[in-house]
Amino acid sequence: MIWVSESRGNYRWAVALGLALCREYNRGRGRAGGKTSEHKTQAVLEWLRYHEPNFKRKNRTAVKKLHLAMPDNCKEAVDSVEAYRDYYFSKRLTMKMEWPEGRVPLWWDARKAALSRKREGARNV
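Note that the numbering used here numbers the sequence shown so that position 24 is 1367, with each residue one more than the last.
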């Protein structure tokens, strides 16, 4: 929450991310669980989008460095999207990862293939 309040850019980025996650939920993840309504946070996020708090500086500020909520070993990626992909892939043995049939993300399959090639290379050494 502190990061979100540091700048208007951070605030807008966080609201946009929340709305994108709601769209993902509405598109399939929530529906897979039999839910037919929008995620409850969507209405709150839509309200937040149009009711920005007063920041000390009125000029538009860029997004500051993102704070990644994950172990340090996953923070070495080139950007936050890749870092979170690394994090979720690292959790595949302890967290159930499932997608609607036929909708496994391309990045997931690419990481599985890279891991397989790495293991195959290690066996051939």
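Every residue gets a Cβ at the ideal spot worked out from N, C-alpha and C, and that includes glycine.
Buried or exposed (CB count within 10 angstroms, at least 16 for buried), residue i
i, result
"N1416", "exposed"
"V1424", "exposed"
Residue i versus residue j - alpha carbon distance
i, j, result
"A1426", "A1420", "5 Å"
"R1351", "I1345", "12 Å"
"P1414", "E1395", "31 Å"
"F1432", "N1353", "26 Å"
"C1365", "G1371", "10 Å"
"P1443", "E1367", "11 Å"
"N1397", "H1410", "22 Å"
"E1349", "V1447", "35 Å"
Beta-carbon separation (whole angstroms), residue i vs residue j, contact threshold 8 Å
i, j, result
"T1384", "G1361", "7 Å"
Distance CB(residue i)-CB(residue j) smaller than 9 Å
i, j, result
"W1450", "M1440", "no"
"R1428", "R1454", "yes"
"V1347", "A1359", "no"
Would you be able to state if there are at least three C-beta pairs under 8 Å between the region 1430–1437 and the region 1377–1391? no
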